[in-house]
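Structure record follows, encoded as structure tokens.
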Amino acid sequence: MNPPPGSDARHGEPRLSPTSAPPRGDIRSRFAELVSGDGFDLLEACLLVAAEEYPLLSIPDEIARVDAIGAEAAGRLAGLSNFFARLDALRTYLFDELGFHGDREDHDDPKNSYLNEVLSRRRGIPVTLSILYMETARRAGVETRGVALAGHYVVRVSDPERSTFVDPFSGGHVITEDDCRDLARRASGRVSLFRRETLEGTTPRSTLARLLGNLKRIHLAREDYARAHSAVERLLLVSPDDHRELRDRGFLLAHLGRTDAAVADLESYLFLAPRAPDAEAVRGRLAWLQRKLQRTS
Numbered sequence: 004m005n006p007p008p009g010s011d012a013r014h015g016e017p018r019l020s021p022t023s024a025p026p027r028g029d030i031r032s033r034f035a036e037l038v039s040g041d042g043f044d045l046l047e048a049c050l051l052v053a054a055e056e057y058p059l060l061s062i063p064d065e066i067a068r069v070d071a072i073g074a075e076a077a078g079r080l081a082g083l084s085n086f087f088a089r090l091d092a093l094r095t096y097l098f099d100e101l102g103f104h105g106d107r108e109d110h111d112d113p114k115n116s117y118l119n120e121v122l123s124r125r126r127g128i129p130v131t132l133s134i135l136y137m138e139t140a141r142r143a144g145v146e147t148r149g150v151a152l153a154g155h156y157v158v159r160v161s162d163p164e165r166s167t168f169v170d171p172f173s174g175g176h177v178i179t180e181d182d183c184r185d186l187a188r189r190a191s192g193r194v195s196l197f198r199r200e201t202l203e204g205t206t207p208r209s210t211l212a213r214l215l216g217n218l219k220r221i222h223l224a225r226e227d228y229a230r231a232h233s234a235v236e237r238l239l240l241v242s243p244d245d246h247r248e249l250r251d252r253g254f255l256l257a258h259l260g261r262t263d264a265a266v267a268d269l270e271s272y273l274f275l276a277p278r279a280p281d282a283e284a285v286r287g288r289l290a291w292l293q294r295k296l297q298r299t300s
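Count along the sequence shown starting at 1, add 3, and that's the number in my numbering.
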């Protein structure tokens, strides 16, 4: 099997810049600048997420890899007018020939959430494979939107006359609305979490938040509080009005021994969401941290 266009043919490794790495602060500043406006480039945002873990990563080179895949896909679709024939040609190229597939053996490997690793290893989780599918499809002239199901992520594909759904995690096959309902039920364990309106599609901002939320969950499960804190900080840049992330940053700061900052975040959370279901529990944690500060002052 040939490597994807733009990858290292010998090792399939993510391309790294030969020059010194930019400071992490510069990566974070660019991320903050990018997501501060509407209609930001989702691919660049995802690669900036990866760049904090891989500081030598060359984002222009990674974008060029996707451009090359997209250009090849565009050539495969150019002579096809039938909607489903175009989708099948895209599926054949991405999943049969290049070998992209869902990682069912180690779903929570953090590498599955970094798009550079997905490009090199050719495996990922629903959201990252969907992002790759959407970016490739857009370059091939196919209209797509992400669909954030409970516990799963698929892609809505449209033309002027019709629309359908594709599941990149399961080989890029066309699926139905009933399949989407079943995927949500199996992934979340609750059919009541399926909402038909979600099938209309979501935004790049929501998709990016989903990606960062996965990283947050994975790092919390591994008790890697520094990386979980980094994910939450970026979530607050993407969704600054999500008070729950402010609360979680406070808890993580407490784990990291930054008690003053933890107290400030939890106080802010209670000010902004005084009637939240967990408000009393947060007040208890806050009181404990405040007593801790008094003992050490």
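Just so it is clear, CB atoms sit at the ideal spot from N, CA and C, and this is done for glycine as well.
Taking DSSP's pairing of strands, which residues face residue i in a bridge?
i      : result
Ile178 : Phe168
Arg126 : His104
Starting from residue i and walking both ways along the beta strand (DSSP E), at which residues does that stretch end?
i      : result
Gly149 : Glu146 to Leu152
Tyr117 : Note, Tyr117: premise wrong, no beta strand (DSSP E); not H, not E.
Val157 : His155 to Ser161
Secondary structure at residue i, three-state DSSP: helix, strand or coil?
i      : result
Arg94  : helix
His110 : coil
Arg27  : helix
Leu259 : coil
Leu83  : coil
Ser32  : helix
Pro6   : Annotation note: pLDDT 46 at Pro6 (below 50); position unreliable, coordinate value reported separately. Three-state DSSP puts Pro6 in coil, outside helix and strand.
Ser39  : coil
Ala12  : For Ala12, the predicted structure reports a pLDDT of 36, less than 50, and the residue's modelled location is therefore unreliable. A value from the coordinates is still provided. Three-state DSSP puts Ala12 in coil, outside helix and strand.
Asp185 : helix
Asp70  : helix
Gly253 : helix
Taking the alpha helix (DSSP H) that residue i falls in, what are its first and last residues?
i      : result
Ser233 : Tyr228 to Val241
Tyr272 : Thr262 to Leu275
Leu223 : Pro207 to Ala224
Gly287 : Ala282 to Thr299
From this set, the options, which residue's C-alpha is nearest residue i's C-alpha?
i      : options                           : result
Phe86  : Val52, Thr167 and Leu60           : Thr167
Glu36  : His232, Ala76 and Val241          : Val241
Leu249 : Thr262, Gly28, Gly260 and Leu269  : Leu269
Ser173 : Arg107, Ala74, Pro207 and Arg220  : Arg107
Arg193 : Val52, Glu164, Leu152 and Arg165  : Leu152
Thr206 : Arg33, Phe43 and Gly28            : Phe43
Asp170 : Glu164, Gly287, Leu259 and Phe103 : Phe103
Worksheet entry | the stretch 57 to 74 / the stretch 144 to 154 touching (three or more Cβ pairs under 8 Å) | Fewer than three pairs of CB atoms, one per stretch, sit closer than 8 Å, so the stretch 57 to 74 makes no contact with the stretch 144 to 154.
Worksheet item: With contact counted as at least three CB pairs below 8 Å, one residue from each stretch, are the stretch 250 to 267 and the stretch 39 to 54 in contact?
Response: No contact exists between the stretch 250 to 267 and the stretch 39 to 54.
Worksheet item: Is the number of C-beta pairs between the stretch 178 to 193 and the stretch 108 to 126 that are closer than 8 Å three or more?
Response: As far as the Cβ criterion goes, the stretch 178 to 193 does not touch the stretch 108 to 126, which means the pair count is below three.
Worksheet item: Are three or more beta carbon pairs between the stretch 124 to 141 and the stretch 158 to 171 nearer than 8 Å?
Response: Yes: the two stretches touch, three or more of their Cβ pairs being nearer than 8 Å.
Worksheet item: How do the stretch 130 to 137 and the stretch 90 to 108 stand: do at least 3 beta-carbon pairs fall below 8 Å, yes or no?
Response: Segment contact: the stretch 130 to 137 against the stretch 90 to 108, three or more CB-CB distances shorter than 8 Å; contact assigned.
Worksheet item: Do the stretch 215 to 226 and the stretch 175 to 184 meet, that is, are 3 or more Cβ pairs less than 8 Å apart?
Response: Verdict: no, contact absent.
Discussion item. When you compare the stretch 254 to 271 with the stretch 222 to 241, are there three or more beta-carbon pairs, one atom per stretch, that lie closer than 8 Å?
Written reply: The stretch 254 to 271, when compared against the stretch 222 to 241, does touch it at the 8 Å Cβ threshold.
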